[in-house]
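Trainee: Heads up: the protein sequence lines correspond to chains A and B, in order. Just add 5 to wherever you are in the first sequence, counting from 1, and you've got the numbering used here. Just add 5 to wherever you are in the second sequence, counting from 1, and you've got the numbering used here. Virtual Cβ for every residue (Gly too), placed ideally from N, Cα, C.
Protein chains: 2
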Amino acid sequence: MSLKTIHEIDIVKAPHSKIASVDFDNLIFGNTFTDHMLVCDFKDGAWGKPLIKPYEPFLIDPSAKVFHYGQAIFEGMKAYKDESDDVWLFRPDQNLERFNKSAVRMAMPEVPEDIFLGGLNEILKLEKDWVKKGMGNSLYIRPFMIAFGTGVVAAPSTQYRFMIILSPAKAYYSGEVKVIIAEHYSRAANGGIGAAKAAGNYSAQFYPQKLANEQGFQQIIWTDDATHTKLEEAGTMNVFFRIGDKLMTAPVSERILDGVTRKSIIALAKSMGIAVEERSVLVEELIQGMKDGTLKEIFGAGTAAVVSVIRAFCYQDTTYELPVQDDSFALKLKEKLTNIQYKLEDDPFGWTVKIG
Amino acid sequence: MSLKTIHEIDIVKAPHSKIASVDFDNLIFGNTFTDHMLVCDFKDGAWGKPLIKPYEPFLIDPSAKVFHYGQAIFEGMKAYKDESDDVWLFRPDQNLERFNKSAVRMAMPEVPEDIFLGGLNEILKLEKDWVKKGMGNSLYIRPFMIAFGTGVVAAPSTQYRFMIILSPAKAYYSGEVKVIIAEHYSRAANGGIGAAKAAGNYSAQFYPQKLANEQGFQQIIWTDDATHTKLEEAGTMNVFFRIGDKLMTAPVSERILDGVTRKSIIALAKSMGIAVEERSVLVEELIQGMKDGTLKEIFGAGTAAVVSVIRAFCYQDTTYELPVQDDSFALKLKEKLTNIQYKLEDDPFGWTVKIG
Ligand SMILES: Cc1ncc(COP(=O)(O)O)c(C=O)c1O
Ligand SMILES: Cc1ncc(COP(=O)(O)O)c(C=O)c1O
């Protein structure tokens, strides 16, 4: 694919760049922002002209519906720089599509492709110096939409603001990842908003996440809320299980986010001759797999974390340490994926899209 | 109870009041705000000094966590004016308690009583002319807290803003209320945030609500997400069923908001000699009750709607019209409740609290 050109956009450049003051070797994920942001407002049933302007706080009414009813969605993407200083996106069409699915589920207007992807192209051209070369370096992209209309009555807004902000990043997780399997708390309901990248899904996890952290676990693997027997996904990653030489991951459903990394990992694994099954994996299969030695790997997959090897999981107060794999599927898949993203290898799937 | 006095507060008065420009006979619920708002910030682990200042938009960073992760909670209360021009609150201690329960579930700091109730007392003294006399008139009170800290990483904020805004109101619903019983969509998961007055719970309902509206129903009665057989609550109301001469309502749980109106209705009904059962009512009991004529009433109960008589419900494409009751529990309970709220009757429970 190539990015749709945007015809109508205003650009107000920042008088000077902050880039010299940023320590790119010591970035905290999601904390540093580039010089500009994109803003586009929806009112009277239509999107206005997008504006790229200096990154700065903005004014909003205390009764704006985003504050009271959480009508807000977002996406998470990354831009990568290759050795020739070209900047690339990875499957941005998938993020646009998912964003607009989230919009429908949250009763918000869809954002047209030229504003979302065309606008992203423009702001990335302006901020290309913020994308650093080298494996692991990227510019994290956060498109989001909030309900801007006012009024403390629980009904959809009629005004919205779409924005794109950009944050230079290193890899998301560092160190060993140990997870706990959810036995009481849940992330999503049947018929709920789990498949949407809706703001409310994330704060709902903060308290159980805090409890998990206090017990020494970095992440929670969520299970279905009705029985807590089916493994679903982690807070910001889909989860893969390798039992024997087969890779398994929960099917996407209305409870699970349809991850771009997840679907890319599935395609890559298949292309590498690894058998993949999209089906509900039960907690008891993990326990059984630990007993008989067939559970070989667990890993998370997501834009921020890329591929994150899980070293141990806790269930019913027992912690199970996973064996270290010489022939790790996770590491092989991660290498393949990042090589494509950083343009170090051919991209037979046509996933990468050049900014320009 | 009486309201805790606040010792430290700053007040900046609006230079002139908008009140003369407001048409109090034609208010749209939640759309008009008084002259002032209360603002109090939490940072470095502590609440600062509250400030009452003119109602106006405020500045916030595009990466504020409220926008991305929906970390936001609120309350809904009302102030009433009696015939002697005194202003009253109804069980405000219950709202404070619930607010702080919501805060814990959303990994947010609790708001101390003197800031929440003491601050509310101060702003209501200032805005007392906005509370109009007469049954049905009230000043709707919206305390809320949002995650003010910045950063696009899914973790709790370290900075928060607590605010109180006020909106003069007439009754919330008018006309006949017909509801549809949820067969696919859900409001809350087991182990989720349904019992918290968290922003994300509300936008999650907008899309199914829109579908219901398109089919001619004003509200949805939510059912449990696992089986859709148990009746839970409506979007902003708890729900009561009268079968024979017994009143039934779902027990509070982690899926259901512990409504102040709900618990007051239960107490009033008991004091009036009506049998009340807090138990899960099944959809099939309603259908059976329609067949054998024992289902006499359904009504919603909540601060905004007070008591809202439900005229019909739809299930599996069949609409069931409820009989009109001469001896309506809903209307009797509503009268009793509002008489207490407006100080037209004794308040044997000590529920009302005077501003001053
Ligand atoms: C809940 C959830 N699951 C999975 C993912 C992974 O999706 P993707 O690979 O598209 O980044 C994310 C986030 O990005 C997420 O928020
Ligand atoms: C989901 C929900 N249920 C029930 C209620 C009723 O609670 P209360 O009577 O405290 O207003 C409300 C709102 O106010 C609500 O938001």
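Classify residue 362 of chain B as helix, strand or coil using the three-state DSSP reduction.
Mentor: Residue 362 of chain B falls outside the range modelled here, since chain B spans only 6 to 361, and no answer is possible.
Trainee: Contact check, residue 335 of chain B vs residue 304 of chain B under 8 Å by CB: the rounded distance?
Mentor: 4 Å between Cβ atoms; contact.
Trainee: Kindly list, in the order they appear in chain A, the residues whose Cβ is closer than 7 Å to that of residue 172 of chain B.
Mentor: The contacting residues are 157.
Trainee: State the DSSP-derived secondary structure class of residue 323 of chain A, mapped to helix, strand or coil.
Mentor: DSSP places residue 323 of chain A in strand when its eight states are reduced to three.
Trainee: Just the C-alpha distance for residue 19 of chain B and residue 59 of chain B, rounded to the nearest angstrom, thanks.
Mentor: Answer to the nearest angstrom: the Cα atoms are 5 Å apart.
Trainee: So, is the C-beta of residue 82 of chain A closer than 7 Å to a C-beta in chain B?
Mentor: Residue 82 of chain A does not count as touching chain B.
Trainee: Run through chain A and tell me which residues come within less than 8 Å of residue 206 of chain B, C-beta to C-beta.
Mentor: Going along chain A in sequence order, the residues near residue 206 of chain B (Cβ under 8 Å) are 75 and 205.
Trainee: Within its chain, find whatever has a CB closer than 6 Å to the CB of residue 263 of chain A; leave out the 5 residues flanking it on each side and keep chain order.
Mentor: Excluding residues within five positions, the ones whose Cβ falls inside 6 Å are 257.
Trainee: Tell me whether the beta-carbon of residue 83 of chain A lies closer than 7 Å to the beta-carbon of residue 143 of chain A.
Mentor: In contact: residue 83 of chain A and residue 143 of chain A (Cβ atoms closer than 7 Å).
Trainee: Would you check if the distance between the CB atom of residue 123 of chain B and the CB atom of residue 16 of chain B is smaller than 7 Å?
Mentor: The answer is no: Cβ separation not under 7 Å.
Trainee: Just to confirm, are residue 207 of chain B and residue 159 of chain A a CB contact at a threshold of 7 Å?
Mentor: Contact flag set, yes.
Trainee: At 3 residues or longer, what runs of the beta strand (DSSP E) sit wholly inside the stretch 311-361 of chain B?
Mentor: Listed in chain order, they are 311-320, 323-326 and 357-359.
Trainee: Listing by chain order, which chain B residues have their CB less than 7 Å from the CB of residue 35 of chain A?
Mentor: Ordered by position in chain B, the residues that pass the 7 Å Cβ test against residue 35 of chain A are 156, 157 and 158.
Trainee: CB of residue 262 of chain A to nearest heavy atom of ligand 1: below 6 Å?
Mentor: Answer for residue 262 of chain A: yes, Cβ within range of ligand 1.
Trainee: Got a sec: does ligand 2 put a non-hydrogen atom nearer than 6 Å to the Cβ of residue 163 of chain B?
Mentor: No, Cβ of residue 163 of chain B sits at least 6 Å from all heavy atoms of ligand 2.
Trainee: Go ahead and pull the three-state DSSP assignment for residue 123 of chain A.
Mentor: If DSSP states are grouped into helix, strand and coil, residue 123 of chain A belongs with the helices.
Trainee: Report yes if the CB atom of residue 202 of chain B is closer than 7 Å to the CB atom of residue 118 of chain B, and no otherwise.
Mentor: No.
Trainee: Taking 6 Å as the cut-off, is the CB of residue 238 of chain A close to at least one heavy atom of ligand 4?
Mentor: Absence of ligand 4 from the depicted structure is noted, with ligand 1 and ligand 2 being the only ligands included.
Trainee: So residue 113 of chain B and residue 190 of chain B are in contact, right, with Cβ under 8 Å, and what is the actual spacing, rounded?
Mentor: Wrong, their Cβ atoms sit about 27 Å apart, outside the cutoff.
Trainee: Check distances from the C-beta atoms of the stretch 90-107 of chain A to those of chain B and list, in chain order, the residues that come in under 9 Å.
Mentor: Taking 9 Å as the Cβ-Cβ cut-off against chain B, none of the residues of the stretch 90-107 of chain A qualify.
Trainee: Within the continuous beta strand (DSSP E) that includes residue 305 of chain A, where are the two ends?
Mentor: Element bounds for residue 305 of chain A: 300-307.
Trainee: Can you confirm whether the stretch 85-105 of chain A touches the stretch 93-102 of chain B when touching is taken to mean that 3 or more C-beta pairs between the two stretches lie within less than 8 Å?
Mentor: The answer is no - the stretch 85-105 of chain A does not touch the stretch 93-102 of chain B, with fewer than three Cβ pairs under 8 Å.
Trainee: Whole beta strand (DSSP E) runs in the stretch 169-201 of chain A with 3 or more residues, listed along the chain?
Mentor: Listed in chain order, they are 182-186.
Trainee: Going along the chain, which residues of its own chain have a beta-carbon closer than 7 Å to the beta-carbon of residue 281 of chain A, five neighbours each way excluded?
Mentor: Counting only Cβ-Cβ distances below 7 Å, and skipping sequence neighbours, we find 252, 271, 274 and 275.
Trainee: For the stretch 41-69 of chain A, which residues have a CB atom closer than 9 Å to at least one CB atom of chain B, in sequence order?
Mentor: Per Cβ criterion, the list reads 42, 44, 60, 61, 62, 63, 64, 65, 66, 67, 68 and 69.
Trainee: Going by beta-carbon coordinates alone, are residue 217 of chain A and residue 185 of chain A separated by less than 7 Å?
Mentor: Yes; because the gap between Cβ atoms is below 7 Å, this pair is in contact.
Trainee: Less than 7 Å between CB atoms is the rule here; does residue 222 of chain A satisfy it with respect to chain B?
Mentor: Cβ-Cβ to chain B under 7 Å: no for residue 222 of chain A.
Trainee: Taking only runs that begin and end inside the stretch 261-296 of chain A, name each unbroken alpha helix (DSSP H) of 4 or more residues, in chain order.
Mentor: Listed in chain order, they are 265-276 and 288-296.
Trainee: How many Å lie between residue 364 of chain A and residue 135 of chain B at the Cα?
Mentor: Residue 364 of chain A falls outside the range modelled here, since chain A spans only 6 to 361, and no answer is possible.
Trainee: Would you list, in sequence order, the uninterrupted alpha helix (DSSP H) runs of no fewer than 4 residues that lie entirely inside the stretch 67-137 of chain B?
Mentor: 70-74, 97-110 and 124-131, all fully within the stretch 67-137 of chain B.
Trainee: According to the neighbour-count rule (16 or more other Cβ atoms, all chains shown, within 10 Å of its Cβ), is residue 230 of chain A buried or exposed?
Mentor: It is buried - the Cβ of residue 230 of chain A has at least 16 other Cβ atoms within 10 Å.
Trainee: In or out: residue 25 of chain B buried (at least 16 other Cβ within 10 Å) or exposed?
Mentor: It is exposed - the Cβ of residue 25 of chain B has fewer than 16 other Cβ atoms within 10 Å.
Trainee: Sorted by chain position, which residues of the same chain lie with C-beta nearer than 7 Å to residue 35 of chain A's C-beta, five sequence neighbours on each side aside?
Mentor: Excluding residues within five positions, the ones whose Cβ falls inside 7 Å are 145 and 172.
Trainee: Which bits of chain B does residue 239 of chain A rub up against, with CB to CB less than 8 Å?
Mentor: Those within 8 Å of residue 239 of chain A in chain B number zero; the least Cβ separation is about 11 Å.
Trainee: In whole angstroms, what separates the C-alpha of residue 268 of chain B from that of residue 127 of chain B?
Mentor: Rounded to the nearest angstrom, the two C-alpha atoms are 27 Å apart.
Trainee: Measure from the alpha carbon of residue 310 of chain B to the alpha carbon of each residue in B:239, B:198 and B:37, then state which is nearest.
Mentor: The option with the nearest alpha carbon to residue 310 of chain B is B:239.
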